[in-house]
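Take a look at the structure set out below.
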Amino acid sequence: MDDKGSVKQTIITKALELFSAKGYEGVSVSELTEASGITKPTLYYYFGSKEGVFEAVSQSYYAQLNSVITENAEYKPNPESYLEDIYLILTKVTRAYFSFAKENEAFYRITLANWSMPCSSTVFKIVEKYHFMQFDIIDSMFKKMAAVHGNLKSKSKTLTWSFIGTINSYIGLYYSGISGQVLNEKTVKELVHQFMHGIYA
Numbered sequence: 000m001d002d003k004g005s006v007k008q009t010i011i012t013k014a015l016e017l018f019s020a021k022g023y024e025g026v027s028v029s030e031l032t033e034a035s036g037i038t039k040p041t042l043y044y045y046f047g048s049k050e051g052v053f054e055a056v057s058q059s060y061y062a063q064l065n066s067v068i069t070e071n072a073e074y075k076p077n078p079e080s081y082l083e084d085i086y087l088i089l090t091k092v093t094r095a096y097f098s099f100a101k102e103n104e105a106f107y108r109i110t111l112a113n114w115s116m117p118c119s120s121t122v123f124k125i126v127e128k129y130h131f132m133q134f135d136i137i138d139s140m141f142k143k144m145a146a147v148h149g150n151l152k153s154k155s156k157t158l159t160w161s162f163i164g165t166i167n168s169y170i171g172l173y174y175s176g177i178s179g180q181v182l183n184e185k186t187v188k189e190l191v192h193q194f195m196h197g198i199y200a
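Letter by letter, the sequence shown follows residues 0 to 200 of numbering that gives the first Met the number 0.
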């Protein structure tokens with residue numbers, strides 16, 4: 000990585016820490032420059048504004064998250080086997096979310112907050128496209144399932160939002176530290192079983 004790349008990555012890393020701890024609105028440009036050890040002109044040179052920094056953080060980490068989800072959301076039908084069909088793919092996707100959330104806690108805390116941002120907010124306007132990329136990945140997975148399992152026909156959008164929402168609820172409880180929630184293989188299986196009871200209801 001050249002010097003410019005190193006400076007940009009330092010700013011992104013420090014910005015992630017600040018945005019995760021204080022939220023987008025709670026972080027000033029002065030805090031970003033002080034934490035990164037740079038001047039304001041340097042920040043403006045690389046990113047144009049605080050909004051530009053948040054966009055860079057979002058682009059970098061959402062790209063990683065959506066890539067991980069894509070890798071694990073490829074449905075391969077095997078309707079004769081419960082454990083090798085829907086159960087398998089939902090388990091893989093849930094495990095991928097949990098793993099990413101544990102390895103990237105600072106960023107994933109931001110994503111949980113981003114889901115409830117007002118549509119008019121700066122944050123929502125930046126992250127909306129990344130959320131819909133994620134939605135499209137999971138929606139495509141459920142549509143492929145529906146082609147094999149007729150009871151899922153026309154339900155992909157509802158299933159997508161409820162599946163992502165259930166996963167995020169588990170992750171949020173894990174971060175809170177209050178509920179004793181853990182993100183392990185047992186929890187993955189519990190979540191998937193719970194969700195699939197709804198599918199087959």
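The beta-carbon is built from N, C-alpha and C at its ideal position, and this holds for glycine as well.
What number of angstroms, rounded off, separates the C-alpha of residue i from the C-alpha of residue j?
i    : j    : result
M195 : V92  : 14 Å
A43  : N113 : Sequence check: residue 43 is Tyr here, not Ala. Each residue's alpha carbon lies about 24 Å from the other.
V147 : I125 : 36 Å
I85  : L182 : 21 Å
K143 : V6   : 43 Å
Y45  : L82  : 49 Å
K152 : F106 : 34 Å
T121 : E50  : 8 Å
A200 : E33  : With a pLDDT of 47 at A200, under the threshold of 50, the modelled position of that residue is not reliable, and the figure given next carries that caveat. Looking at the two C-alpha atoms, the distance is approximately 55 Å.
S48  : R108 : 22 Å
T90  : E189 : 10 Å
Y169 : S59  : 24 Å
K94  : P40  : Residue identity differs from the one stated: residue 94 is Arg in this sequence, not Lys. About 42 Å.
G22  : S66  : 25 Å
V191 : I88  : 10 Å
A100 : S115 : 18 Å
N103 : S29  : 25 Å
Which of helix, strand or coil does DSSP assign to residue i?
i    : result
E238 : The structure shown does not extend to residue 238, since the chain is modelled only from 0 to 200, so the question has no answer here.
S178 : coil
V187 : helix
D135 : helix
N103 : coil
G4   : helix
G197 : helix
W160 : helix
E127 : helix
A146 : coil
S19  : helix
G25  : coil
Y96  : helix
M140 : helix
K152 : coil
S168 : helix
Y173 : helix
Y86  : helix
When you compare the CB of residue i with every CB in chain B, is at least one pair closer than 8 Å?
i   : result
S57 : You won't find chain B in this structure, because it holds only one protein chain.
Can you tell me whether residue i is buried or exposed, with buried defined as 16 or more other CB within 10 angstroms of its CB?
i    : result
I177 : exposed
A20  : exposed
S35  : buried
V204 : Outside the shown range of the chain (0 to 200) lies residue 204, about which nothing can therefore be said.
D1   : Residue confidence is low: D1 scores 48 on pLDDT, short of 50, so the model does not pin down where it sits. Its coordinate-derived value is still stated next. D1 comes out exposed.
V187 : buried
A201 : Because the chain spans 0 through 200 in this model, residue 201 falls outside it and cannot be assessed.
K202 : Examination of residue 202 is not possible in this model, given that the chain is present from 0 through 200 alone.
D138 : buried
F141 : buried
T38  : exposed
Return the first residue and the last residue of the alpha helix (DSSP H) that residue i is part of.
i   : result
F69 : Inspection of the sequence shows that residue 69 is occupied by Thr rather than by Phe. Per DSSP, T69 belongs to the alpha helix (DSSP H) from K49 to N71.
S29 : V28 to S35
T41 : K39 to F46
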